[in-house]
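> Protein chains in written order, with the UniProt record's numbering: chain A, 1 to 234; chain B, 1 to 234.
Number of protein chains: 2
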Amino acid sequence: MNESDFIASYDPSAFERPSVTVDLVLLTIRDRSLQVLLVERTEHPFIHQFALPGSFVPMDETLDEAAQRVLRDKAGMPPTFLEQLYTFGDVKRDPRMRVISVAYFALLPHSALGHIDPDHRDLATVNFTDGGAGVFTNDGVRLTLPFDHGQIVATAVDRLRAKLDWSDVAFALLPQEFTLRELQEVHEVILGRPLNKPAFRTRMLGTGRLEPTGRQESGHRFRPAELYRLKVTQ
Amino acid sequence: MNESDFIASYDPSAFERPSVTVDLVLLTIRDRSLQVLLVERTEHPFIHQFALPGSFVPMDETLDEAAQRVLRDKAGMPPTFLEQLYTFGDVKRDPRMRVISVAYFALLPHSALGHIDPDHRDLATVNFTDGGAGVFTNDGVRLTLPFDHGQIVATAVDRLRAKLDWSDVAFALLPQEFTLRELQEVHEVILGRPLNKPAFRTRMLGTGRLEPTGRQESGHRFRPAELYRLKVTQ
DNA sequence: ATAATAGTGTCTCTAAGACATTATATT
DNA sequence: AATATAATGTCTTAGAGACACTATTAT
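#1: With DSSP as the reference, identify every bridge partner of Gly214/B, one or two as the case may be.
#2: Against chain B, with Cβ distances strictly below 8 angstroms, would Thr155/A count as a contact?
#3: Quick one: grab the DSSP three-state call for Glu40/B.
#4: Using a C-beta to C-beta distance shorter than 7 angstroms, which residues of chain A count as neighbours of Arg98/B?
#5: Would Val22/A and Ala67/A qualify as a contact pair, given that the criterion is a beta-carbon distance under 8 angstroms?
#6: What in chain B is Cβ-close to Ser101/A, meaning under 9 angstroms?
#7: Near Thr62/A, what residues of its chain come up, given a Cβ to Cβ distance below 8 angstroms and the 5 sequence neighbours on each side ignored?
#8: With a 10 Å radius around its C-beta and 16 neighbouring C-beta atoms as the bar for buried, classify Asp60/A as buried or exposed.
#9: Only counting the same chain, and skipping five residues up and downstream in sequence, which positions put a Cβ closer than 6 angstroms to that of Glu83/A?
#10: Output the distance between the C-alpha atoms of Glu43/A and Ala103/B, rounded to the nearest integer angstrom.
#11: What does a CB cutoff of less than 8 angstroms around Leu26/A pick up in its chain, not counting 5 residues either side in sequence?
#12: Is Arg17/B close to chain A, meaning its C-beta is less than 8 angstroms from at least one C-beta of that chain?
#13: Secondary structure at Arg221/B, three-state DSSP: helix, strand or coil?
#14: Considering just the uninterrupted stretch of the alpha helix (DSSP H) at Leu180/B, what are its terminal residues?
#15: Are the beta-carbon atoms of Ala172/A and Leu85/A separated by less than 8 angstroms?
#16: If Phe200/A sits next to Gln184/A, beta carbons under 8 angstroms apart, how far is it from one beta carbon to the other, in whole angstroms?
#17: Distance, Cα to Cα, Arg41/A vs Ile47/A?
#18: Determine whether the beta carbon atoms of Thr28/B and Leu113/B lie at a separation below 8 angstroms.
#19: Kindly indicate which residue of Gly134/B, Leu174/B, Leu145/B has the alpha-carbon position closest to the one of residue 306/B.
#20: Exposed or buried, what is Gly206/A when buried is set at 16 or more other beta-carbons lying within 10 Å of its beta-carbon?
#21: For Glu177/A, tell me which candidate among Pro18/A, Ala225/A, Glu65/A, Pro95/A has the shortest Cα-Cα distance.
#22: Let me see if you follow: with CB-CB separation under 8 angstroms, is Gly89/A close to chain B or not?
#23: My assumption, with CB atoms under 8 angstroms, is that Arg98/B sits in contact with Ser19/B. Please give the rounded CB distance.
#24: Within 10 Å of its beta-carbon, does Gly208/A have 16 or more other beta-carbons around it, so buried, or fewer, so exposed?
#25: Starting from Gln84/A, find everything on chain B with Cβ-Cβ shorter than 7 angstroms and list it in chain order.
#26: Look up Thr87/A in the DSSP assignment and say whether it is helix, strand or coil.
#27: Identify whether Leu71/A lies in helix, strand or coil by the three-state DSSP scheme.
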């Protein structure tokens, strides 16, 4: 039997197979705190509880495509930072059956989330505090997420911190034009500690990746700062 | 219908599902070059070609357990560094059917690989060169790996380099006791460039993670160096 | 003795933190 | 004028690279 005969005669149903899903951790920054997008589940199991948005992976979609679709459908988002995070495959992580979840990790400036209607309760932003990576409602109540979604969120925050210094994740949380103060604030929220202003400025401008726009911010009652943008794919 | 009724009545065969495999990238260092473990495929497709060792994920094994089993069965290895790398899910990456592969990434000192019988052609170590992450046989012939295994190997080397400075990956490539020269050599092979000896020594000893054993190496025709070990989970 | 590496000391350069000073907008 | 932050300069400290020097082993 040659290879093409083998493939033609191969029976894909010979072995039992797990289901595969993608789950999305969409992080943003609001009011000097990290926030994660949750949606209320409309089906069993864990119906009416808040969980990460997700979807089963159909046979004709790559994992990246499935994640992009979830970002579009459940969050209604424009293109932004999206990368694969980690794959969670514990045998009993879903009470229905064996489900392997490929988690994805997205970032968006809070301004881009504004158009989502909070009255539909489709979107629950929650405060994120460090020291164990707990998830809280805006009223300060601690949430226990269904499945292993708490662990998935914690993994995403670890990844965000690890990538802060050498990647563009901070810029994905800001609008296209931003001040150095806003950029420093993003870094401080992610790291959970204050940073030295002159050193931060020198380091950021020293990367050569920032470009002054010539414009300034306005609307504050103090000296306006220069607006910068990220240079395109240098 | 309550939740337990729902779960009991859930039909897992309602949707078509992909197959899930784990594939293992086992890296080691020999003769001042990175090497990756390949096995000759005994089945279609790509029969008799060398590829990464792997296995389908059965319903009762976690992903980590499946990867450990592959490491044990196909490589016959003692416990070592093993972590999840990335999940590859292109629709046509396997000509048979939809297969999603969770790649794992293992490290082992070359001395621990010695007992594998190369006459069985079950093990083909290949040279790894940078600048595109090519895989070569020991005779210098470039190999094109089946499936997307070339891309998986490249991803593993990227990960290895990224983790070199802040994790224990270098020690996973060395025996329990090693000299600072051997440790520096591991770093140099992974980075592909020479390092400054005094600075390297100061930096390594400054981490406080190295412990002198009081013993020295022997067998060389030059001054023997102190043997160190990695401190346990400080 | 010679060869080859171990291990250390010195000098320089760069980057970051701490602190202070001026500059400039809104109210 | 008062206020809050922008933007910059100075000083100090920590770490790494370059280079050189001595120390120690096998042959």
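No residue lacks a Cβ here, since even glycine has one placed at the ideal position from N, Cα and C.
Walking through what the data contain:
#1: On the second sequence, position 214 is the one that residue 214/B refers to. DSSP, once it has assigned bridges, lists no residue as partnering Gly214/B.
#2: Sequence index remark: in the first sequence, residue 155/A carries index 155 (1-based). False, the Cβ-Cβ gap to chain B never drops below 8 angstroms.
#3: Residue numbering aside, residue 40/B sits at position 40 when the second sequence is read from its first letter. Note: Glu40/B maps to strand in three-state DSSP.
#4: Residue mapping note: residue 98/B aligns to position 98 of the second sequence, counting from 1. Ordered by position in chain A, the residues that pass the 7 angstroms Cβ test against Arg98/B are Met59.
#5: The residue given as residue 22/A occupies position 22 in the first sequence. The residue given as residue 67/A occupies position 67 in the first sequence. Yes. Within cutoff.
#6: By 1-based counting over the first sequence, the position of residue 101/A is 101. The premise fails here: Ser101/A is roughly 10 angstroms from chain B at the closest Cβ pair, so nothing lies under 9 angstroms.
#7: Sequence index remark: in the first sequence, residue 62/A carries index 62 (1-based). So no residue of the chain qualifies.
#8: Looking up residue 60/A in the first sequence gives position 60. Classification for Asp60/A: exposed.
#9: In the first sequence, the residue the question calls residue 83/A occupies position 83. The answer, listed in chain order, is Phe105.
#10: Within the first sequence, numbered from 1, the residue matching residue 43/A stands at position 43. Within the second sequence, numbered from 1, the residue matching residue 103/B stands at position 103. Roughly 32 angstroms between the two C-alpha positions.
#11: If you number the first sequence from 1, residue 26/A lands on position 26. Val36, Leu37, Pro53, Leu71, Ala75, Met77, Ala106, Leu107, Leu108, listed in sequence order.
#12: Your numbering for residue 17/B matches position 17 in the second sequence. Closer than 8 angstroms: yes.
#13: Residue numbering aside, residue 221/B sits at position 221 when the second sequence is read from its first letter. In this structure, Arg221/B counts as coil in the three-state DSSP scheme.
#14: The sequence position of residue 180/B within the second sequence is 180, counting from 1. That run of the alpha helix (DSSP H) goes 180–191.
#15: Numbered from its first residue, the first sequence carries residue 172/A at position 172. Numbered from its first residue, the first sequence carries residue 85/A at position 85. No; because the gap between Cβ atoms is not below 8 angstroms, this pair is not in contact.
#16: As a first step, residue 200/A is located in the first sequence; it is residue number 200 there, counting from the start. As a first step, residue 184/A is located in the first sequence; it is residue number 184 there, counting from the start. With a Cβ gap of about 5 angstroms, Phe200/A and Gln184/A count as contacting.
#17: The count along the first sequence starts at 1 and reaches residue 41/A at position 41. The count along the first sequence starts at 1 and reaches residue 47/A at position 47. Their backbone Cα atoms lie some 5 angstroms apart in a straight line.
#18: Here residue 28/B corresponds to residue number 28 of the second sequence, with the count starting at 1. Here residue 113/B corresponds to residue number 113 of the second sequence, with the count starting at 1. Against a cut-off of 8 angstroms, the Cβ pair of Leu113/B and Thr28/B comes out as a contact.
#19: Residue 306/B cannot be examined here, being either before or after the span of chain B that is shown, 1 to 234.
#20: Residue mapping note: residue 206/A aligns to position 206 of the first sequence, counting from 1. With fewer than 16 other Cβ atoms within 10 Å, it is exposed.
#21: Numbered from its first residue, the first sequence carries residue 177/A at position 177. With distances taken between Cα atoms, Glu177/A lies closest to Ala225/A.
#22: Counted from its first residue, the first sequence places residue 89/A at position 89. Output row for Gly89/A: interface = yes.
#23: As a position in the second sequence, residue 98/B is number 98, starting the count at 1. As a position in the second sequence, residue 19/B is number 19, starting the count at 1. Contact flag correct, Cβ pair sits at about 7 angstroms.
#24: Translated into positions along the first sequence, residue 208/A becomes position 208. Burial call: exposed.
#25: Taking the first sequence and counting its residues from 1, the one referred to as residue 84/A is at position 84. Tyr86, Thr87, listed in chain order.
#26: By 1-based counting over the first sequence, the position of residue 87/A is 87. Note: Thr87/A maps to strand in three-state DSSP.
#27: By one-based count along the first sequence, residue 71/A stands at place 71. Residue state, collapsed to three classes: helix.
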